[in-house]
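> Below: one structure in structure tokens.
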């Protein structure tokens with residue numbers, strides 16, 4: 013039911029990691045880099061890690077990776093996913109403190125089982141989000157973020173394990189929530 017990681021996800025991941033690495037090594041004296049995790053994603057058993065790097069006095073670039081490789085049921089639902097989530101943030105105060113808006117994107121692969129109903133495929137999404145970073149200390153923040161956008165879903169939608177169609181039978185563009193996060197961040201200064 014679950015496909016291996018498609019080549020386009022590996023390409024997006026490579027470009028995003030390269031961009032973060034490139035920007036994080038520019039003028040290291042003024043840099044800030046943060047590592048964070050979204051605690052809400054642990055509710056769906058998806059461990060995640062995000063790196064955010066300062067680009068300028070008002071911009072940061074972050075790259076998040078989230079996956080649920082296990083097939084553990086939660087209330088008759090089973091879900092696997094792999095997502096890469098780059099995001100460009102504009103900070104109204106200073107990077108990694110207070111209010112921000114962001115251009116959010118997501119690329120991923122998913123597989124969802126709801127009793128006898130199966131949905132699996134690829135997702136591409138883009139939109140906008142708003143957030144607030146509460147400074148807890150010199151190195152610690154907690155961030156709250158909500159975002160919406162449009163998602164392109166392509167894949168399989170079928171009933172019964174043995175009824176999987178040979179060709180993809182689902183393709184739609186739909187409004188979708190892109191971000192719902194309560195993240196704890198450690199900032200390297």
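Residue numbers (the working numbering): 13 to 201. Ideal Cβ positions, reconstructed from N, Cα and C, are used throughout, including at glycine. Keep in mind the model is a prediction, meaning the values are calculated, not measured.
1. For residue 129, does the three-state DSSP call read helix, strand or coil?
2. Do residue 192 and residue 155 have their CB atoms nearer than 9 Å?
3. Rounded to the nearest angstrom, how far is the Cβ of residue 88 from that of residue 127, given a contact under 8 Å?
4. Let me know if residue 101 comes out buried or exposed under the rule of 16 or more other beta-carbons within 10 Å of its beta-carbon.
5. Going straight from the alpha carbon of residue 165 to that of residue 171, what length do you get?
6. Have a look at residue 180 and residue 131 and give me their C-alpha separation to the nearest angstrom.
7. Assuming residue 116 and residue 140 are in contact, meaning their beta carbons sit under 8 Å apart, how far apart are those beta carbons, in whole angstroms?
8. Using the C-alpha atoms, what's the distance from residue 96 back to residue 77?
9. Run the CB neighbour count on residue 152, radius 10 Å, all protein chains shown included, and call it buried at 16 or more, exposed below.
10. Can you give me the Cβ contacts of residue 149 inside the same chain, cut-off strictly under 7 Å, excluding the 5 residues immediately before and after it?
11. Give me, in chain order, the residues of the same chain whose beta-carbon lies closer than 6 Å to that of residue 72; leave out the 5 immediate sequence neighbours on both sides.
12. Residue 93 and residue 120 look like a contact to me (Cβ under 8 Å); what is the Cβ gap, rounded to whole Å?
13. What residue from 183, 91, 201 has the CA that sits closest to residue 55's CA?
14. Which residues in the same chain have their Cβ closer than 8 Å to the Cβ of residue 105, if we skip the five residues on either side of it in sequence?
Walking through what the data contain:
1. strand
2. no
3. 5 Å
4. buried
5. 18 Å
6. 11 Å
7. 7 Å
8. 5 Å
9. exposed
10. none
11. 64, 66, 101, 107
12. 6 Å
13. 91
14. 111
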